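Sequential numbering of the sequence shown, starting at 1, is according to the UniProt record's numbering.
Structure record follows, encoded as structure tokens.
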Amino acid sequence: MALVERMSILGIRSFDHETPQKIEFFTPVTLILGHNGTGKTTIIECLKYATTGDLPPGSKTGCSFIHDPRVARETEVKAKVTLQIRDVQGQPMVISRALVATQRDKNKQGTLKTLDGSIKRQLPDGRHTSISSKCAELDNEMVTSLGVSKAVLENVIFCHQEDSNWPLQEAKVVKQRFDDLFASSRYVKALDAIRKCKQEKDSNIRIYKTELKHLGKSREEANKLRNERQDLQQSIENEQRTLASVQQKLDPIVERLNLYKQKYAELVQIQSEISEFL
Numbered sequence: 001m002a003l004v005e006r007m008s009i010l011g012i013r014s015f016d017h018e019t020p021q022k023i024e025f026f027t028p029v030t031l032i033l034g035h036n037g038t039g040k041t042t043i044i045e046c047l048k049y050a051t052t053g054d055l056p057p058g059s060k061t062g063c064s065f066i067h068d069p070r071v072a073r074e075t076e077v078k079a080k081v082t083l084q085i086r087d088v089q090g091q092p093m094v095i096s097r098a099l100v101a102t103q104r105d106k107n108k109q110g111t112l113k114t115l116d117g118s119i120k121r122q123l124p125d126g127r128h129t130s131i132s133s134k135c136a137e138l139d140n141e142m143v144t145s146l147g148v149s150k151a152v153l154e155n156v157i158f159c160h161q162e163d164s165n166w167p168l169q170e171a172k173v174v175k176q177r178f179d180d181l182f183a184s185s186r187y188v189k190a191l192d193a194i195r196k197c198k199q200e201k202d203s204n205i206r207i208y209k210t211e212l213k214h215l216g217k218s219r220e221e222a223n224k225l226r227n228e229r230q231d232l233q234q235s236i237e238n239e240q241r242t243l244a245s246v247q248q249k250l251d252p253i254v255e256r257l258n259l260y261k262q263k264y265a266e267l268v269q270i271q272s273e274i275s276e277f278l
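Right, here's the structure in full:
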């Protein structure tokens, strides 16, 4: 289970922009008390900003989330939120996010700029690693480290007091929130992907069954030809054995015939000689 341990706040709302203020969180619960305007909501806003990268309502285009440069009598104020947690694996990590508010003209609204953040981790072997990247990459890393979706962090765990009544909003908005909380859109996409995959597999099965039917016929024909070949081979072997037997019986007859031919030739020779003397 992920745990929030400590947080440092610098230059956020009424928090000083020069000296960071630190707060330690206890397990299993930390109760934050104070009069109005002492920064209770700001602490929750900083927790949400550190974990999700989202600014509070009404602070996306202005500088209300950062200590007012006009109050600090400066043209630029840098703000930073540093949060120390333990991820779902129980390993310590520190995430830092920074902002800068610029007020060039007192009569105009200031500008707000988000700077690159960083994540520092302590590995199980004691080594330390550091990642410095854009906000979107940090958001994904925090979701993985905390083990909960961004929608749960925004709408449940660190829900802003101005958004706490979202279950009472119009049905379409509430449905969208619940869809995000339970990741129903991803579930629907997964079902669509499974359904599409099933259709493809069913189509392949039908094709394979048709091919299997033809292959079955070909197999039967092949077996028939194989049996005929075996029968013919057996017949050839039988004929060869018969031929060998006949040849064995014929050899003595051929020898006797040759002998008779020789005797006949000798007899003809003798008759020829007798005819000469007569």
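Backbone N, C-alpha and C fix where the C-beta goes; we use that ideal spot for every residue, glycine too.
Only a predicted model underlies this, so the values are computations on that prediction, with no experimental measurement involved.
(request) Go ahead and pull the three-state DSSP assignment for residue 128. (result) strand
(message) Between the alpha carbons of residue 181 and residue 99, how many angstroms are there, rounded?
(response) 28 Å
(message) Tell me which residues share the same chain as residue 111 and place their Cβ nearer than 6 Å to its Cβ, disregarding the 5 neighbours each side in the sequence.
(response) 102
(request) Look up residue 149 in the DSSP assignment and say whether it is helix, strand or coil. (result) Correct three-state label for residue 149: coil.
(message) I'd like to know whether the C-beta atoms of residue 85 and residue 138 end up nearer to each other than 9 Å.
(response) no
(request) Check whether the Cβ atoms of residue 2 and residue 148 lie closer than 9 Å to each other. (result) Taking 9 Å as the Cβ cut-off, residue 2 and residue 148 qualify as a contacting pair.
(request) Please report how far the alpha carbon of residue 281 lies from the alpha carbon of residue 252, in whole angstroms. (result) Nothing about residue 281 can be read from this structure; the chain reaches only from 1 to 278.
(request) Pull up the distance between the alpha-carbon of residue 159 and that of residue 19, whole angstroms please. (result) Each residue's alpha carbon lies about 27 Å from the other.
(request) Using beta-carbon positions only, say whether residue 48 and residue 154 come within less than 9 Å of one another. (result) Cβ distance < 9 Å, so residue 48 and residue 154 count as in contact.
(request) For residue 252, name the three-state secondary structure that DSSP assigns. (result) Secondary structure of residue 252 (DSSP, three-state): helix.
(message) Any contact between the region 111 to 130 and the region 15 to 33? By contact I mean 3 or more CB pairs, one from each, below 8 Å.
(response) no
(message) So, with DSSP's three-state summary, where would you put residue 31?
(response) coil
(message) For residue 279, count the other beta carbons within 10 Å of its own beta carbon; 16 or more makes it buried, fewer makes it exposed. Which is it?
(response) Outside the shown range of the chain, which is 1 to 278, sits residue 279, and nothing can be said about it.
(request) Kindly give me the distance between the Cβ atoms of residue 8 and residue 82, rounded to whole angstroms, as I take these residues to be in contact under 8 Å. (result) 4 Å
(message) My output table needs one value for residue 120: the three-state DSSP class, helix, strand or coil.
(response) strand
(message) Assuming the contact rule is C-beta atoms closer than 8 Å, residue 54 and residue 145 should be a hit. Round their C-beta distance to whole Å, please.
(response) At roughly 17 Å, the Cβ-Cβ gap does not stay under 8 Å, so residue 54 and residue 145 are not in contact.
(request) Would you tell me roughly how many angstroms separate the C-alpha atoms of residue 6 and residue 198, rounded to the nearest one? (result) 49 Å
(request) For the alpha helix (DSSP H) containing residue 78, list its first residue and its last residue. (result) In the DSSP annotation of this structure, residue 78 is not part of any alpha helix (DSSP H); the continuous beta strand (DSSP E) holding it starts and ends at 76 to 86.
(request) Report yes if the CB atom of residue 97 is closer than 9 Å to the CB atom of residue 75, and no otherwise. (result) no
(request) Name, in chain order, the residues that DSSP records as bridge partners for residue 8. (result) 22 and 82
(request) Within the same chain, show all residues whose beta-carbon is closer than 8 Å to that of residue 123, passing over the 5 residues directly before and after it, in chain order. (result) 91 and 129
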